[in-house]
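Encoded as structure tokens, the structure appears first; notes follow it.
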Amino acid sequence: MQRPNISIEEYDYYLPEENIAQYPVAERDLSNLLVAIDENFVIEKFRLIHHHLPSDAVLIYNDTKVIPARLFFQKSTGARIEILLLNPIDPPDYQTNFQTCKEVIWEVLIGNASKWKDEVLSTEWLTNGTKYSLRAEKIDKNKVRLSWSPSSLCFSEILEMIALVPLPPYIQRPVEKKDKETYQTIYAHHPGSVAAPTAGLHFTPQLLETIQTQKNIQLVPITLHVGIGTFKPLKTDIHSHEMHKELINIPPTSLKLLLEHSNKPWIVVGTTSLRALESLYFYLLSILLGQPIQTIPQWIGWEIPESRWISRTTLLEQLPKLNLLDRDIQFDTQLMILPGKPIQMADYLITNFHQPRSTLLLLVDAFSSISWKKIYAFALENKLRFLSYGDACLLKNKNSPF
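In this note's numbering, the protein residues as written are 52 to 453.
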């Protein structure tokens, strides 16, 4: 199997600390938008984005909800242990896990792990005169059993009371109360992410209404639970980088809308939505080729010859024949989107500015009709704000007919 010949050094650039947004703007849609669909770059406020979007299109967004995933415990020795929740193990289903009222098991990252041996950690607190407690027992290097009292509460209620929002590591400040609101999209619905799909942070209810009414754009929600691996930097050799696994769920209502509008422009909000859609493409293509898979592998774009690829319209037209329109489609993905292969499931992409040497920057290069280096140089020269709480840009697929 031939793999891409890409040097990570080509995706490095200098990002001054002052360009990394530590706080969001006061009003979501007053962040800046760099329109980079051609080389006549324009900067204006995000609330005017509809002026640059095609009419009679679909806007596809990730409706995952960030969970308060950071838990802290203080040992009797004074050592502080942090537990970052990653994936539910028992029960394995997110919704069932959050509704459990006894104990749960999670895959986690442990901060200050060398200070935590075999003892059970516990923390207690008082709220409105009632005493609560949470206990953590390490059952493997990266697996923890959590139990609590009173057991009348479900796990999600405990998290809401005691856990903190998992802000990205490049936000160099303590979590504040307001982050619970600002580090969440207005359409967040399905809990499960440990990082926000940040391109969606710019939208307000009023802006979404304007997009629908003035441009006749149909809204299509899909779900990808964002993992901590989204912040994992690339090493020197791209082929030794293991992409993180993320869960995708697409309901039948959204599948039907995608089928109905398959030949219209697709505007995709964020890299997580794009990853979900490209993964859906290969999920369905694999079924058609008689080799169904439940986890989309990292290199599938290179494993399936392009001669066997078909258009998204032709692919989606198979949904009724495959009896895939009457239930949720759910699967995992480890897909890595890289330059060298055409992107099938998006015509326009709304995204923030990404870290140097990141897989997200590779995705931008794979997608954008304009060189990412030109876009980022312009953004830095014009003092735009980068990363999760930063500004946005609008890109066009280099292979799009729209």
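Yeah, the Cβ is synthetic: ideal placement off N, Cα and C, and Gly gets one too.
Note that the coordinates shown come from a computational prediction; the quantities given were computed from them, not determined experimentally.
Straight-line Cα distance separating residue j from residue i
i, j, result
"Val93", "Asp114", "28 Å"
"Thr402", "Val171", "42 Å"
"Thr151", "His276", "19 Å"
"Thr181", "Gln125", "21 Å"
"Ile273", "Glu211", "24 Å"
"Ala214", "Lys189", "18 Å"
"Tyr112", "Glu368", "22 Å"
"Tyr427", "His241", "32 Å"
"Thr255", "Ala77", "12 Å"
"Lys424", "Asp63", "10 Å"
"Val245", "Thr233", "14 Å"
"Asn148", "Val271", "26 Å"
"Met449", "Leu258", "Before going on, a small fix: residue 449 reads as Lys here, not Met. C-alpha separation (whole angstroms): 27 Å."
"Gln263", "Leu325", "21 Å"
"Val226", "Leu218", "7 Å"
"Ser439", "Val319", "17 Å"
"Lys153", "Gln235", "28 Å"
"Leu204", "Asn374", "39 Å"
"Trp199", "Thr249", "32 Å"
"Phe418", "Trp350", "17 Å"
"Ser173", "Leu122", "11 Å"
"Ser358", "Ser165", "51 Å"
"Lys192", "Thr384", "24 Å"
Residue of the options minimising C-alpha distance to residue i
i, options, result
"Lys116", "Thr322, Ala164 and Val216", "Val216"
"Arg378", "Pro303, Gln73, Tyr65 and Glu60", "Pro303"
"Leu366", "Ala187, Gln53, Leu335 and Ile394", "Leu335"
"Glu208", "Gln263, Ile118 and Val195", "Ile118"
"Ile388", "Ile289, Phe453 and Leu435", "Ile289"
"Glu68", "Ser173, Lys189, Ile222 and Tyr183", "Ile222"
"Lys229", "Asn433, Ile394 and Pro75", "Pro75"
"Ile59", "Pro316, Leu81 and His292", "His292"
"Arg408", "Asn83, Glu61 and Pro55", "Glu61"
"Ser106", "Asn433, Lys449, Gln235 and Tyr399", "Tyr399"
"Leu135", "Glu232, Tyr65 and Gly243", "Gly243"
"Arg54", "Thr364, Pro356, Thr384 and Gln235", "Pro356"
"Ser202", "Lys192, Val155 and Ser324", "Val155"
"Ser184", "Glu175, Asp191 and Lys192", "Glu175"
"Thr261", "Leu110, Asn70, Pro452 and Cys444", "Leu110"
"Asn91", "Ser422, Ser439 and Lys434", "Ser422"
"Gln381", "Leu411, Asn300 and Lys372", "Asn300"
"Thr128", "Leu325, Asn163, Ser362 and Val195", "Asn163"
"Pro220", "Trp199, Ala247 and Ser200", "Ala247"
"Leu308", "Ala130, Arg186 and Ala108", "Ala108"
Bridge partners - residue i, DSSP secondary structure assignment
i, result
"Arg121", "Leu135 and Leu215"
"Arg378", "Paired residues: none, contrary to the question."
"Val171", "According to DSSP, which records beta bridges pairwise, Val171 is partnered with nothing at all."
"Gly162", "Glu133"
"Arg196", "Ile156 and Glu188"
"Tyr183", "Trp176"
"Asp141", "Ile156"
"Lys126", "None; Lys126 has no bridge partner."
"Lys447", "Tyr399"
"Phe437", "Ile71"
"Asp383", "Leu298 and Thr346"
"Trp317", "Val109"
"Val93", "Val86"
"His241", "Thr115"
"Gln269", "Val109"
Status (buried if at least 16 other CB within 10 Å, exposed otherwise) for residue i
i, result
"Pro343", "exposed"
"Asp442", "buried"
"Pro139", "buried"
"Ile132", "buried"
"His405", "buried"
"Asp144", "exposed"
"Lys315", "buried"
"Asn83", "buried"
"Tyr65", "exposed"
"Asn179", "exposed"
"Leu386", "buried"
"Lys434", "exposed"
"Asp169", "exposed"
"Gln146", "exposed"
"Ala130", "exposed"
CB of residue i within 8 Å of CB of residue j, strictly
i, j, result
"Phe429", "Ala72", "no"
"Ile279", "Leu137", "yes"
"Gly352", "Lys296", "no"
"Leu197", "Trp167", "no"
"Leu414", "Thr322", "yes"
"His101", "Lys266", "yes"
"Met396", "Glu354", "no"
"Ser420", "Ile57", "no"
"Lys96", "Leu81", "yes"
"Asp416", "Pro452", "no"
Contact test: residue i Cβ vs the ligand ATP heavy atom, cutoff 7 Å
i, result
"Lys189", "As far as ligands go, the structure on display features none, and thus does not contain the ligand ATP."
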